[in-house]
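**Student:** Quick note: the sequence shown uses my numbering, first residue 134, plus one each step. No residue lacks a Cβ here, since even glycine has one placed at the ideal position from N, Cα and C.
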Amino acid sequence: MPLHLKVSIFILFFSCCCFPLFSQKSQIPSGLPFPNANLLNEDSQYLKFQIQTTNESISKTPTAYQEPKKEFALKKADGAKYFTFYPGVQANLTDLTIISSSGGRAVMRDDQRMDQNLAFLYDLKSPEWQIGDNWGLFILNRNVSFRQSKQRITDITATNMSSSEDSGSSNRSSPIKQYKTQDLGTETFGSYSMLLPAIYLGKKGNDKFRLGAAIGYTKVNIQGTADFNDGQGYFTNLLVFSSGRTLDEKIDNMGRYSLLNNGNVDGDPYRVYLLSNLSAGNNLEALGLYTLLKGDVNPKSINPLLALYYAHDTGNNLTPLELYALLTLGIGRVNSSTNYAKSFYFFWEIPIGAINWRLGFGGPFYNQNGYKISLTTLEMSFYMPIEF
């Protein structure tokens, strides 16, 4: 068979076999996928449903509650629940005034030295009870220690100069006394603790400005010595001692004057007995020993010139203890303590960040054995309120 005939037969056969296939494929609509696409679409939809179901189950699984972190704060918005502690420092200027029943007066003052006036602050305060938008109440426990080594006495020179200047004028009123602060060798020290219901103007909380006042009771403890003769104690003692004719009379006069004017604030019964009968037996010597053992008198207050005078006037007939007793009679003792002194206190508080600044004024006052005693303190303090 010729070659061209074979090629023609092969082409005809290939056309007859393949044309039906191409015609069937061309009859499939263009919008439909090929037959296996349905299986792929079903698999992908199932996989997508499984992923969505898993995500929903994860999102619906309850998570454990986590508390927010609590920040440590010394000052709370609503104030303390139980009490507030005030650790800090305070600078105090305290005056002590004692007036005897006979009119003798002693005004003790600190010497305004920083090492004496600066002290630790450890006040306590109750929770606050707000009774209005701008008013509230609380209870304050205030603690103060003090030490005074100087006295306020009349400045005779300045007073005389002022009276001489006024003598030429038509005003004949009594001259105005001038005062000065001087070291007389006397010293007082002690402490007091105040329990004060207070009312304040301000918002609730230690981080708020406030102005307040308080009254209450105070426990007071005072020790030391003071001059009740306006700085003229030595001169007064010379006059009293010289008023007697005999030695026993002179000693008794000194004892009675000291008992009435120079301080027996605490009412020491043994000391009262000795001063009432100072010339009897060995009472003068016993008083010297008793005073020495108690340590009431500061050695700075002993005047050596007065000791020479007593020794000369008595013909050197006094023992050292008797001479010591006479030298201490011109110095008043102010040992005193009470648990029920009335007291007052005014204060102004300003918060400065984590600390507070406070300016206060007040103190206790009371009577004991015929003596009027008062303490007034001007205070400035910085403290950090710690609330519980």
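What are the boundary residues of the beta strand (DSSP E) that SER409 is part of?
**Tutor:** Per DSSP, SER409 belongs to no beta strand (DSSP E); it is in the alpha helix (DSSP H), 402-409.
**Student:** Quick check on DSSP: helix, strand or coil for PRO260?
**Tutor:** Reduced to three states, the DSSP call for PRO260 is coil.
**Student:** Pick out whichever of LEU508, GLY503, GLY493 and TYR390 has its Cα sitting closest to the Cα of ALA347.
**Tutor:** Comparing Cα positions, the closest option is GLY493.
**Student:** Report yes if the C-beta of LEU420 is less than 6 angstroms from at least one heavy atom of the ligand GTP; otherwise report no.
**Tutor:** Of the ligands one can find in the structure shown there are none, so the ligand GTP has no counterpart to examine.
**Student:** Using 10 angstroms around the beta-carbon of ILE506, count the other beta-carbons present and answer buried if the total reaches 16, otherwise exposed.
**Tutor:** Per the 10 Å Cβ criterion, buried.
**Student:** Grab the span of the beta strand (DSSP E) containing LEU462 for me, first residue to last.
**Tutor:** Per DSSP, LEU462 belongs to no beta strand (DSSP E) and is neither H nor E.
**Student:** Here's a check: name, in chain order, each residue in its chain whose Cβ is nearer than 6 angstroms to the Cβ of ALA474, leaving out the five neighbours to either side.
**Tutor:** Only THR351, VAL353, PRO497 and TYR499 meet the Cβ criterion.
**Student:** Applying the criterion that 16 or more other CB atoms from any shown protein chain within 10 Å of the CB defines a buried residue, is ILE191 buried or exposed?
**Tutor:** Unreliable positioning characterises ILE191 in this predicted model, as indicated by a pLDDT of 44, which lies under 50. The coordinate reading is nonetheless provided below. Exposed.
**Student:** Along the beta strand (DSSP E) that carries PRO437, what are the first and last residues, could you check?
**Tutor:** Run containing PRO437: none in the beta strand (DSSP E); it sits in the alpha helix (DSSP H), 437-446.
**Student:** From ASN225 to GLY448, what distance separates their C-alpha atoms?
**Tutor:** Straight-line Cα distance between these residues: approximately 49 angstroms.
**Student:** Under a three-way DSSP split, which group does LYS203 fall into?
**Tutor:** Below a pLDDT of 50, predicted positions are generally treated as unreliable, and LYS203, at 46, falls in that range; the measurement from the model is reported next regardless. It is coil, neither helix nor strand.
**Student:** Please state the DSSP three-state secondary structure of ARG378.
**Tutor:** ARG378: coil per DSSP, three-state reduction.
**Student:** Got a sec? Which residues, its chain only, sit under 6 angstroms from TYR442 by beta carbon, not counting five neighbours each side?
**Tutor:** Nothing meets the Cβ criterion.
**Student:** Assuming GLN356 and ASN468 are in contact, meaning their beta carbons sit under 8 angstroms apart, how far apart are those beta carbons, in whole angstroms?
**Tutor:** About 5 angstroms; that satisfies the 8 angstroms criterion.
**Student:** Out of THR230, ASN431 and LYS383, which has the shortest C-alpha to C-alpha gap to LEU408?
**Tutor:** Cα-wise, what sits closest to LEU408 is LYS383.
**Student:** Please go through the same chain and pick out, in chain order, the residues whose beta-carbon is closer than 6 angstroms to the beta-carbon of ASN436, but skip the five residues on each side of it.
**Tutor:** If we look at ASN436 and ignore the five residues flanking it on each side, its Cβ neighbours are TYR367.
**Student:** Tell me whether the beta-carbon of GLY269 lies closer than 7 angstroms to the beta-carbon of TYR333.
**Tutor:** Contact flag set, yes.
**Student:** What residue does the alpha helix (DSSP H) around LEU422 start on, and which one ends it?
**Tutor:** 416-427 is the span of the alpha helix (DSSP H), which, as asked, contains LEU422.
**Student:** For PHE271, which option in ASP340, ALA331, PHE253 and ILE519 has the closest C-alpha, if you only look at C-alpha atoms?
**Tutor:** Among ASP340, ALA331, PHE253 and ILE519, the Cα nearest to that of PHE271 is on ALA331.
**Student:** Within this structure, are the beta carbons of LEU422 and LEU392 separated by less than 7 angstroms?
**Tutor:** Contact flag unset, no.
**Student:** Relative to the C-alpha of ILE483, which residue among TYR215, TYR516 and ASN502 is closest?
**Tutor:** Checking every option, the nearest Cα to that of ILE483 belongs to TYR516.
**Student:** First and last residue of the alpha helix (DSSP H) that includes MET247?
**Tutor:** MET247 -> alpha helix (DSSP H) spans 247-250.
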